[in-house]
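For reference, the structure discussed in these notes is given below.
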Amino acid sequence: MDDLELVRDLYGRPQPGPHAEAKVWRRVVARRRRRRLSWLAIPAVAAALALVFAMNQPSAPGRSILLAAATSAASGSGGTYWHVKKLHDGDRVTELWVTRQGEAWTAEQGRVTRITGRSPFSMAGRDLTFGQIQSLPSEAGVLRERVAAMLPAGSEGLLADALSGLLWTKPSAPGVRAAAYRALADLPEVRYLGARTDARGRAGEAFSFELPSGAQRTLIIDPITSQVLSSADSGQGGRSEIVLGAGWTDRGPDLP
Numbered sequence: 044m045d046d047l048e049l050v051r052d053l054y055g056r057p058q059p060g061p062h063a064e065a066k067v068w069r070r071v072v073a074r075r076r077r078r079r080l081s082w083l084a085i086p087a088v089a090a091a092l093a094l095v096f097a098m099n100q101p102s103a104p105g106r107s108i109l110l111a112a113a114t115s116a117a118s119g120s121g122g123t124y125w126h127v128k129k130l131h132d133g134d135r136v137t138e139l140w141v142t143r144q145g146e147a148w149t150a151e152q153g154r155v156t157r158i159t160g161r162s163p164f165s166m167a168g169r170d171l172t173f174g175q176i177q178s179l180p181s182e183a184g185v186l187r188e189r190v191a192a193m194l195p196a197g198s199e200g201l202l203a204d205a206l207s208g209l210l211w212t213k214p215s216a217p218g219v220r221a222a223a224y225r226a227l228a229d230l231p232e233v234r235y236l237g238a239r240t241d242a243r244g245r246a247g248e249a250f251s252f253e254l255p256s257g258a259q260r261t262l263i264i265d266p267i268t269s270q271v272l273s274s275a276d277s278g279q280g281g282r283s284e285i286v287l288g289a290g291w292t293d294r295g296p297d298l299p
């Protein structure tokens, strides 16, 4: 058994970052040329390996999943209409179409109605225009500060919810969606629950955070496509939404 294999057997096999293992191994080889590695030196080499590997690892599995979703989100597609289709509480289907000029239509159970007089988007109860959403920053730390400043006083507990809304309920630019995923990855209140399937049997990864009401909101996301699959709140009367589609399209509403 060679020296590196002995270290691995003693301390496990963490996954290295790019070129990390090769760098450490070159140092071990150079030391062996001067003298054979002694048993007393093995803990030191193992510590060096663990340090290099840890510096190249996310702090938790959930964080790495959110960062992978951010990478997917950064490459978005365009279209004429922002379209979201959802199934609410298992029995009510709604759709929303919005153009880049701010025209908007909603449909419930197939009946299309034009939205007038207010924005179809909101954050923590405050209306957001299409232009305000499009002007949000695409750097995670700056986005987090901007969103926090947009929340009403005393509603700090809504930060995770507000950031997650940029992932699927609003026509965020690809860079903003990516930044929102990265910002969520850094929030300590966002908990990773593991692999889950939504009510339609679609596989994803589940994350939860607490709302000011005390209810837990759980999102299931597909990190490969960066799409949110579902949202559900715990407790009696908690709402659930299955995302049947969210993104840009050239197909608009069927107007009468």
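The numbering of the sequence shown is the numbering used here, which starts it at 44 and goes up by one. For each residue, glycine too, the CB sits at the ideal point set by N, CA and C.
Cβ distance (whole Å) where residue i is taken to contact residue j below 8 Å
{"i": "residue 273", "j": "residue 242", "result": "7 Å"}
{"i": "residue 214", "j": "residue 173", "result": "7 Å"}
{"i": "residue 287", "j": "residue 129", "result": "6 Å"}
{"i": "residue 178", "j": "residue 171", "result": "With 8 Å as the limit, residue 178 and residue 171 do not qualify as a contact, their Cβ atoms being about 10 Å apart."}
{"i": "residue 221", "j": "residue 289", "result": "The pair is not a contact, with the Cβ atoms about 15 Å apart (cut-off 8 Å)."}
{"i": "residue 264", "j": "residue 247", "result": "5 Å"}
{"i": "residue 151", "j": "residue 161", "result": "That belief does not hold up - the Cβ atoms of residue 151 and residue 161 are roughly 17 Å apart, past 8 Å."}
Counted within 10 angstroms of its Cβ, other Cβ atoms place residue i as buried (16 or more) or exposed
{"i": "residue 109", "result": "buried"}
{"i": "residue 266", "result": "buried"}
{"i": "residue 188", "result": "exposed"}
{"i": "residue 284", "result": "buried"}
{"i": "residue 183", "result": "buried"}
Euclidean distance between Cα positions of residue i and residue j
{"i": "residue 224", "j": "residue 234", "result": "13 Å"}
{"i": "residue 46", "j": "residue 229", "result": "Any reading at residue 46 must be qualified, since the residue scores a pLDDT of 46, below 50, and its modelled position is unreliable; the value itself is stated next. Between residue 46 and residue 229, the C-alpha separation is close to 37 Å."}
{"i": "residue 279", "j": "residue 259", "result": "11 Å"}
{"i": "residue 261", "j": "residue 250", "result": "6 Å"}
{"i": "residue 254", "j": "residue 236", "result": "17 Å"}
{"i": "residue 126", "j": "residue 211", "result": "10 Å"}
{"i": "residue 297", "j": "residue 103", "result": "46 Å"}
{"i": "residue 276", "j": "residue 148", "result": "27 Å"}
{"i": "residue 181", "j": "residue 122", "result": "20 Å"}
{"i": "residue 169", "j": "residue 202", "result": "14 Å"}
{"i": "residue 111", "j": "residue 299", "result": "42 Å"}
{"i": "residue 118", "j": "residue 204", "result": "23 Å"}
{"i": "residue 186", "j": "residue 240", "result": "30 Å"}
According to DSSP, residues forming a beta bridge with residue i
{"i": "residue 224", "result": "Per DSSP, none; premise fails for residue 224."}
{"i": "residue 141", "result": "125 and 147"}
{"i": "residue 276", "result": "260"}
{"i": "residue 285", "result": "130 and 273"}
{"i": "residue 237", "result": "249"}
{"i": "residue 291", "result": "125"}
{"i": "residue 155", "result": "150"}
{"i": "residue 169", "result": "166"}
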